[in-house]
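Peer 1: Would you mind keeping the following structure in view while I ask a few things?
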Amino acid sequence: MLLPDTLSPVDDQLVAGFRDRSQELRVRAKQQGLAVEVYLPQGARAGYYAEHAADWVLPLILGVPAATLADLLAGEIRLWISTWRDEGRSRTPMLRYREVVIDERTQTTKVREVEGPADEVADWIARRPALSPGGEPHEEEEWRWPHSE
1 MLLPDTLSPV
11 DDQLVAGFRD
21 RSQELRVRAK
31 QQGLAVEVYL
41 PQGARAGYYA
51 EHAADWVLPL
61 ILGVPAATLA
71 DLLAGEIRLW
81 ISTWRDEGRS
91 RTPMLRYREV
101 VIDERTQTTK
111 VREVEGPADE
121 VADWIARRPA
131 LSPGGEPHEE
141 EEWRWPHSE
């Protein structure tokens, strides 16, 4: 499930802001047979949200992606990198990835975020370790950033 990045009142209506890459990911997931829902609060309309902190920011994802979705995300990032380079850009773009994990037992949420060179983030997403049987990521392993040489 993709969550809005912002909720803002615009002309007396609540607007749920999504980044432009959200739709691209939904289309790619649908092509691969994956259902991806977009969360809109009651009475809100979808809108566009832009951020300039990183070259690319993936939409906020609810839950830790399963292997299939992780592969989809990593593949999409690699396509973006290829397009970036085809456009003549030589530096590696920076990417921000975020996910929301809900602890059903305590009814709390955690937002986890990594930001770095897009190729490294794609590789990290693709090879993340599996979850523990209870569904909570192993903290000491889950967010260990790959070491660059």
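This note's numbering numbers the first residue of the sequence shown as 1 and each following residue consecutively. Backbone N, C-alpha and C define an ideal beta-carbon position, used for all residues, glycine too. Remember, it's a predicted structure, so these values are computed and weren't measured experimentally.
Let me make sure I understand the geometry here. Which of G17, P9 and P59 has the alpha-carbon closest to that of M1?
Peer 2: Working through the sequence shown from its first residue, we reach residue 1 at position 1. Considering only alpha carbons, the answer is P59.
Peer 1: Would you mind reading off the limits of the beta strand (DSSP E) that contains L7?
Peer 2: The residue given as residue 7 occupies position 7 in the sequence shown. Counted as a single uninterrupted DSSP element, the beta strand (DSSP E) harbouring L7 occupies residues T6 to V10.
Peer 1: Quick check on this structure: which residue in T83, T92 and I61 has the alpha carbon closest to the alpha carbon of I125?
Peer 2: In the sequence shown, residue 125 corresponds to position 125, counting from 1. Closest option to I125, Cα to Cα, is I61.
Peer 1: From D103 to D11, what distance separates their C-alpha atoms?
Peer 2: If you number the sequence shown from 1, residue 103 lands on position 103. If you number the sequence shown from 1, residue 11 lands on position 11. Each residue's Cα considered, the two are about 36 Å apart.
Peer 1: How would you call Y97, buried or exposed, if buried means at least 16 neighbouring beta carbons within 10 angstroms?
Peer 2: Within the sequence shown, numbered from 1, the residue matching residue 97 stands at position 97. With 16 or more Cβ atoms within 10 Å of its Cβ, Y97 is classed as buried.
Peer 1: Which residues in the same chain have their Cβ closer than 6 Å to the Cβ of A44, if we skip the five residues on either side of it in sequence?
Peer 2: Against the sequence shown, residue 44 aligns to sequence position 44. Taken in chain order, the residues that qualify are L14 and A16.
Peer 1: Give me the Cα-Cα distance between Y39 and S90, rounded to the nearest whole angstrom.
Peer 2: For the purposes of this step, residue 39 is taken as the residue at position 39 of the sequence shown. For the purposes of this step, residue 90 is taken as the residue at position 90 of the sequence shown. If I take the Cα positions, the gap works out to 36 Å.
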